[in-house]
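Asks:
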Amino acid sequence: MRSSAYERASVWDVVSPAGPSRLAGVGMAGFRDGGAASAGQRVIPHPSVMLAVDFGSGSPVVADAAGRRQRGSVAAGPGMGFGGSVWVRGENIECLQVRLSPLITRTVLGVSPADLDGVVALDDVWGREAARIRERLSEASSWEERFALTEALLERRCGAQALVDPEVAWAWRRIVGSRGIVRVEGLASEVGWSRKRLWFRFRSQVGLPPKRAAQLVRFDRAVHRLVAGEGTAQVAAEGGYADQFHLHRDVMAFAGVTPSVVAREPWLAVDDVAWPDHTR
1 MRSSAYERAS
11 VWDVVSPAGP
21 SRLAGVGMAG
31 FRDGGAASAG
41 QRVIPHPSVM
51 LAVDFGSGSP
61 VVADAAGRRQ
71 RGSVAAGPGM
81 GFGGSVWVRG
91 ENIECLQVRL
101 SPLITRTVLG
111 VSPADLDGVV
121 ALDDVWGREA
131 ARIRERLSEA
141 SSWEERFALT
151 EALLERRCGA
161 QALVDPEVAW
171 AWRRIVGSRG
181 IVRVEGLASE
191 VGWSRKRLWF
201 RFRSQVGLPP
211 KRAAQLVRFD
221 RAVHRLVAGE
231 GTAQVAAEGG
241 YADQFHLHRD
251 VMAFAGVTPS
261 VVAREPWLAV
271 DDVAWPDHTR
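Just so you know, we're using the working numbering here: the sequence shown kicks off at 1 and counts up by one.
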């Protein structure tokens, strides 16, 4: 059951807003470290763009397999942590995390998901506004006030102009709506584009090529079923995988660990608490 999974991750204090965001494609959650991050936490890839705004007495350090490190507030494109390559460490961490649909990322951040190469400092994306929101979050007296401040900032940054092709948006929603179980080869003909054009436009606007996006969405659904206690045979059969070996191979590729290990990851265990809307 999900409750037993959450107990394994109770070292994190997790808070979610009272209701869904007014902005489509936005999800928020608050995290306070209770000792988990000091030992290091693996980042599991997710099909969204992630922002983490820290405001506590300690600063998280995000490190990848190449030895690159970012301290403090960061932004990252969809699929961050592929292969189990990204870890977060630190003590006394308090942060507000935002998940953005790739379809609205450029309007909110001013850059495309494809421009978020690995993990980048939020200051490099938002400039002085990153420092201002950190200060205001630290001065806020409650999580609800922090969520309201962040949503107001996101609303101000959202432009009226759509910055994603309708065909790309349709293909992304088709992938998400099918939980990654879709014939990617047929998407181009469904939108009336050539496969080459769809691949190029989708990759430049979403940050991943269509096939990888479908694999990531399917993986995300599968690992959340695993952490909820479902067996690998059932998850594989109902999740669009040819067999258990296919599921094992994809989990190893995305998370860097076996299905049984990934099912015990603390951050996955709290996702239903932190992200009840699962907005993409």
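Beta carbons: idealized from backbone N, C-alpha and C, even for Gly.
Since the structure is predicted, the reported quantities are computational estimates derived from the model, not experimental observations.
What first and last residue would you give for the beta strand (DSSP E) that runs through MET252?
Replies: Translated into positions along the sequence shown, residue 252 becomes position 252. Note, MET252: premise wrong, no beta strand (DSSP E); alpha helix (DSSP H) at 244–255.
Asks: Taking the CB atoms as reference points, tell me whether LEU122 and ALA66 lie closer together than 8 Å.
Replies: Start at 1 with the first residue of the sequence shown, and residue 122 comes out as number 122. Start at 1 with the first residue of the sequence shown, and residue 66 comes out as number 66. Cβ atoms of LEU122 and ALA66: not closer than 8 Å.
Asks: For ALA242, count the other beta carbons within 10 Å of its own beta carbon; 16 or more makes it buried, fewer makes it exposed. Which is it?
Replies: As a working note, residue 242 is residue 242 in the sequence shown. Answer is exposed; the Cβ neighbour count stays below 16.
Asks: How long is the line joining the alpha carbons of PRO210 and SER141, rounded to whole angstroms?
Replies: Taking the sequence shown and counting its residues from 1, the one referred to as residue 210 is at position 210. Taking the sequence shown and counting its residues from 1, the one referred to as residue 141 is at position 141. Distance between the alpha carbons of PRO210 and SER141 is about 43 Å.
Asks: Using the C-alpha atoms, what's the distance from ALA18 back to ALA138?
Replies: One-based indexing of the sequence shown puts residue 138 at position 138. One-based indexing of the sequence shown puts residue 18 at position 18. Before going further, note that residue 138 is Ser rather than Ala in the sequence given. Looking at the two C-alpha atoms, the distance is approximately 20 Å.
Asks: Pick helix, strand or coil for PHE55, following the three-state DSSP scheme.
Replies: Taking the first residue of the sequence shown as 1, we reach residue 55 at position 55. Here PHE55 sits in coil by DSSP.
Asks: Short check: CB of ALA222 to CB of GLY239, under 8 Å?
Replies: Position 222 of the sequence shown, counted from the start, is the residue given in the question as residue 222. Position 239 of the sequence shown, counted from the start, is the residue given in the question as residue 239. In this structure, GLY239 lies closer than 8 Å to ALA222 by Cβ.
Asks: State the Cα-Cα distance for the pair GLU302 and VAL206, rounded to the nearest angstrom.
Replies: No answer is possible for residue 302: it lies beyond the span of the chain, which begins at 1 and ends at 280.
Asks: How would you write the range of the alpha helix (DSSP H) that ARG69 sits in, first residue to last?
Replies: Here residue 69 is taken as the residue at index 69 of the sequence shown, counted from 1. Per DSSP, ARG69 belongs to no alpha helix (DSSP H); it is in the beta strand (DSSP E), 69–71.
Asks: Tell me which same chain residues have a C-beta within less than 6 Å of the C-beta of SER260, skipping the five on either side of it?
Replies: As a first step, residue 260 is located in the sequence shown; it is residue number 260 there, counting from the start. The answer is none, since no qualifying residue turns up.
Asks: Among GLU144, ASP124, VAL119, THR150, which residue has its Cα nearest to the Cα of ARG134?
Replies: One-based indexing of the sequence shown puts residue 134 at position 134. ARG134 has its Cα closest to that of THR150, out of GLU144, ASP124, VAL119, THR150.
Asks: Beta-carbon within less than 7 Å of TYR6's beta-carbon, same chain only, minus the 5 sequence neighbours each way: which residues are those?
Replies: Numbered from its first residue, the sequence shown carries residue 6 at position 6. The predicted position of TYR6 is uncertain, since its pLDDT is 45 and thus under 50; a value taken from the coordinates is nonetheless stated next. Only ALA269, VAL270, VAL273 meet the Cβ criterion.
Asks: Can TRP193 be considered in contact with the ligand GDP, in the sense that its beta carbon sits closer than 7 Å to one or more heavy atoms?
Replies: Judged by which ligands are present, the structure shown has none, so any question about the ligand GDP falls away.
Asks: For VAL111, does the three-state DSSP call read helix, strand or coil?
Replies: On the sequence shown, residue 111 is found 111 positions in, with the first residue counted as 1. Looking at VAL111 - three-state DSSP - the assignment turns out to be coil, as it is neither helix nor strand.
Asks: CYS158 to GLU94, Cα distance in whole Å?
Replies: For the purposes of this step, residue 158 is taken as the residue at position 158 of the sequence shown. For the purposes of this step, residue 94 is taken as the residue at position 94 of the sequence shown. Computed Cα separation, rounded: 26 Å.
Asks: Tell me whether VAL86 sits in a helix, a strand or coil according to DSSP, three-state version.
Replies: Locating residue 86 in the sequence shown gives position 86, where the first residue counts as 1. Reduced to three states, the DSSP call for VAL86 is coil.
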